[in-house]
Amino acid sequence: MKQELVLVLNFGGESSQKIARKIRDLKVYSEILPYNVSIDRIKALKPKGIVLTGIQALKDSNKYKYAKQVNELDIPTKTINNVDEDDIKSFIFNQCGCEGNWNMTSFIESSIENIRKRVGNKKVLCALSGGVDSSVAAVLIHKAIGDQLVCIFVDHGLMRKNEGDEVERVFKEQFHLNLIRVNAQERFLNRLKGVSDPETKRKIIGEEFIRVFEEEAKKIGKVDFLVQGTIYPDVIESGGDEAHLVKSHHNVGGLPEDIEFDEIIEPLRDLFKDEVRKVGEELGIPAYMVWRQPFPGPGLAIRVIGDVTREKLDILREADAIFREEIALAGLDKDIWQYFAVLTDMKSVGVTEGKRTYDYTIALRGVTSVDGMTANWARIPHEVLDKVSRRITAEVPHVNRVVYDITSKPPATIEWE
Ligand code: XMP
């Protein structure tokens with residue numbers, strides 16, 4: 119089945135993503151390209167229709183000339199500047215004659231076929247972090263080529279409560295992935311000893327991650343492909359061109375330099391984030407993994423303010439687990455973009471059973487956001503906060519005070535470090 123494609127040529131402005139999303143919602147695959155992409159390339163893609171967006175006042179400009187060239191192609195073309203569903207529907211179905219048969223099932227089927235064709239009997243290596251993108255990419259590729267895919271999961275010990283074991287259980291027991299879990303907690307803790315500057319922590323974790331990954335990969339020997347969890351917004355950001363887009367595989371560092379591989383494979387590069395989640399659900403990945411809130415690559419190391427120790431990580435993990443559990447119980451987990459605990463580097467005086475204590479302060483952070491670029495502090499009901507505070511001070515040793523962060527971004531950032 120040949121996939122129907124409607125191109126969205128972006129002449130500027132903000133509408134292109136919304137229009138492309140709308141077309142995809144109507145089950146027609148759509149891609150955004152910048153207005154200066156070559157006319158030959160457009161022809162080669164054989165789109166069923168072309169939407170021009172962001173066009174105004176264009177006479178005499180290069181944009182105008184270009185739009186004219188596009189209009190002269192023998193392809194239905196329409197200028198759409200606002201996302202009007204009826205307008206879009208009428209264009210793609212009546213004018214372009216699309217049938218609307220693109221959905222996640224057909225995406226999965228055609229991906230599997232393409233991956234099989236491309237990989238043949240070669241070997242693929244994937245850094246699995248347990249995040250949404252790498253998880254979905256790994257399961258999709260595994261469906262296509264089985265044990266020719268090897269996944270390396272570097273457990274840096276900076277994950278949330280039970281997360282490392284969950285990743286291992288789901289991918290080994292449920293999906294039977296060829297997964298190597300590297301327990302590198304000690305190594306990361308040693309490298310982080312005495313380090314309190316946030317950017318230095320990030321750098322150390324990124325470097326150490328690559329080092330551990332490379333060491334493991336070397337044991338496997340030569341691989342042919344390395345998986346990247348690139349998704350469509352990354353592609354658009356880079357101008358939508360074919361130039362090779364290299365994204366860090368773990369969000370913590372660059373690409374490994376010492377691993378031999380010939381090519382990069384990016385099975386999600388055509389999908390928006392919510393489409394990636396849909397594919398994940400359809401592949402049977404558990405909902406709690408598919409709907410995970412964003413979690414920074416350096417993990418809890420940047421939520422322990424100041425130097426990182428095992429004791430501090432354990433305190434934070436317990437407090438964070440309580441907060442997440444209560445948010446989920448209150449049914450707020452899908453409304454809040456990120457919610458987590460921070461172990462401040464501050465101790466203060468308290469009293470427990472008549473005795474003076476001098477212990478840590480936990481800060482709770484909850485924000486609503488669309489893309490993480492700006493954020494509002496989440497108005498979590500007082501009763502929920504009250505319960506969380508009571509539970510943390512009662513259940514987590516060495517914490518005698520809990521505060522809630524009521525700062526938006528800007529001026530604060532979402533993370534504390
Ligand atoms: P900030 O704190 O800058 O965070 O407002 C914006 C978003 O980015 C995430 N974040 C990171 N993600 N590595 C990552 O992979 C990092 O070093 C990092 N720092 C922040 C943060 O959780 C939020 O979603």
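FYI, the numbering for the sequence shown is 119 to 535, going by my numbering.
From the three backbone atoms N, C-alpha and C, an ideal C-beta is built for every residue, glycine too.
Nearest-angstrom Cα distance between residue i and residue j?
i, j, result
"VAL520", "GLY449", "22 Å"
"SER366", "TYR182", "Any reading at SER366 is ruled out, since the residue's pLDDT is 36, under 50, leaving its predicted position unreliable."
"ASP205", "LYS396", "26 Å"
"CYS214", "GLY167", "6 Å"
"ILE420", "GLU533", "8 Å"
"VAL272", "GLY248", "10 Å"
"ILE137", "LEU170", "10 Å"
"CYS269", "GLU203", "42 Å"
"LYS164", "GLU444", "51 Å"
"TYR478", "LYS465", "4 Å"
"VAL237", "SER228", "14 Å"
"ALA496", "ARG483", "8 Å"
"GLU284", "LYS207", "43 Å"
For residue i, does the three-state DSSP call read helix, strand or coil?
i, result
"THR525", "coil"
"GLY131", "coil"
"ASN296", "strand"
"ILE423", "coil"
"ARG474", "strand"
"MET464", "strand"
"LYS196", "strand"
"ILE454", "coil"
Taking C-alpha atoms, which residue in the options lies nearest to residue i?
i, options, result
"VAL254", "SER314, LYS235, TRP409, ASP315", "TRP409"
"GLU190", "LYS161, ASP205, GLY218", "LYS161"
"GLY72", "GLU378, MET222, VAL330, GLY324", "Residue 72 is absent from the model: the chain starts at 119 and stops at 535."
"GLU535", "GLU436, GLY424, LYS452", "GLY424"
"TYR153", "ILE354, ALA496, LEU310", "ILE354"
"THR492", "GLU149, ASP477, SER526", "SER526"
"ILE440", "VAL394, VAL506, ASP453", "VAL506"
"ASP380", "LYS145, LYS240, LEU307", "LYS240"
Any chance the CB of residue i is under 8 Å from a heavy atom of the ligand XMP?
i, result
"PHE327", "no"
"GLN346", "no"
"ALA493", "yes"
"GLU533", "yes"
"ILE456", "With the sequence shown as reference, residue 456 is identified as Gln, and Ile is not the correct amino acid for it. Indeed, a heavy atom of the ligand XMP lies less than 8 Å from the Cβ."
"PRO152", "no"
"PRO529", "no"
"GLY449", "no"
"PRO499", "no"
Under the assumption that residue i contacts residue j (Cβ atoms under 8 Å), give the Cβ distance between them as a whole number of angstroms.
i, j, result
"GLY398", "SER252", "Actually they are not in contact, since the Cβ atoms of GLY398 and SER252 sit about 11 Å apart, beyond 8 Å."
"VAL514", "ALA437", "5 Å"
"SER69", "ILE141", "This structure does not reach residue 69, given that the chain is present from 119 up to 535, and the question cannot be answered."
"ALA481", "VAL467", "Incorrect: roughly 17 Å between the Cβ atoms, too far for contact."
"VAL300", "VAL330", "6 Å"
"VAL242", "ILE263", "7 Å"
Check whether the Cβ of residue i lies closer than 9 Å to any Cβ atom in chain B.
i, result
"THR525", "The question asks about chain B, but that chain is absent: this structure has only one protein chain."
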